[in-house]
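One structure is given below, encoded as structure tokens.
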Amino acid sequence: MEDESTGDLVRRAGRGDIDAWRGLVDRYSRLLCAIAHSYGLSGADADDVMQTTWLRLVERLTLLRDPARAGTWLAVTARRESLATLRRLGRERPLQGYGPSVTGPHHVVFGRDLAASVGAALETIPPRCRRLLELFVASPPFSYSEISAALEIPVGSVGPTRARCLTHLRRQLDGVT
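Counting along the sequence shown from 1, when you hit position 155 you're at 155 in full-length UniProt numbering, and nothing is skipped either side.
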């Protein structure tokens with residue numbers, strides 16, 4: 001199934017082949033999850049985005065003009081669903097996972113200060129940079145091709161864009177604007 005092209009999987013799934021559906025789900029679920037998380041969604045909200053994205057594909061599967069580009073179609077749809085979820089919730093969520101990793105009173109205080117500083121700096125950089133950096137620190141980390149699809153940038157631009165975003169973040173943390 002890994003050697004089979006996305007276009008072939010889509011065509012087979014359109015004919016009701018359950019193995020083709022499993023192949024598509026295996027191939028793209030991690031990407032859809034990354035996209036939902038890149039918008040600050042987690043838990044049930046991220047799951048809802050993924051489920052709705054798959055539902056949209058089911059509804060339009062036989063209407064796709066280029067079945068080989070179904071991965072891109074899924075990524076765009078997941079971004080739109082993530083934004084719709086944020087609008088429905090009426091708020092944006094703070095970044096998660098930047099707390100201290102070591103315990104003890106002084107580590108807790110330092111960790112909170114560091115998390116607050118990084119969180120504040122992240123709020124000042126462009127949203128696209130924030131999303132890119134979040135995808136890099138996700139656990140497990142996402143590949144360049146997954147990040148490329150999630151952010152709609154060429155794979156060759158992921159590294160240089162990451163470097164520029166980190167420079168932006170460092171300048172904010174150092175108080176240089």
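Yeah, the Cβ is synthetic: ideal placement off N, Cα and C, and Gly gets one too.
Spatial neighbours of residue i in its chain, beta-carbon cut-off 8 Å, leaving aside the 5 residues before and after
i	result
residue 211	For the chain, the structure presents residues 1 to 177; residue 211 sits outside this window and is missing.
Leu-61	Val-10, Ala-13, Gly-14
Ile-18	none
Asp-66	Gly-7
Close beta carbons around residue i, own chain, < 7 Å, minus the five adjacent residues each side
i	result
Leu-9	Ala-20, Gly-23, Leu-24
Ser-38	Arg-131, Glu-134, Leu-135, Ala-150
Trp-73	Leu-64
Ser-148	Pro-154, Val-155, Val-158
Arg-85	According to the sequence as given, residue 85 is Thr; it is not Arg. The answer, listed in chain order, is Leu-41, Asp-45, Asp-48, Val-49.
Helix, strand or coil at residue i [DSSP, three-state]
i	result
Gln-172	helix
Pro-127	helix
Glu-134	helix
Leu-57	helix
Glu-146	helix
Leu-74	helix
Asp-8	helix
Gly-23	helix
Pro-160	helix
Tyr-28	helix
Leu-41	coil
Pro-154	coil
Gly-119	helix
Arg-15	coil
Asp-47	helix
Cys-165	helix
Neighbour flag for residue i against chain B, beta carbons, 8 Å
i	result
Ile-125	The structure shown contains no chain B; it is built from a single protein chain.
Own chain, CB closer than 6 Å to residue i, minus 5 neighbours either side, in chain order
i	result
Arg-27	none
Is it the case that the segment 82–90 contacts the segment 155–162, given that we only count it when at least three CB pairs across the two stretches are under 8 Å?
no
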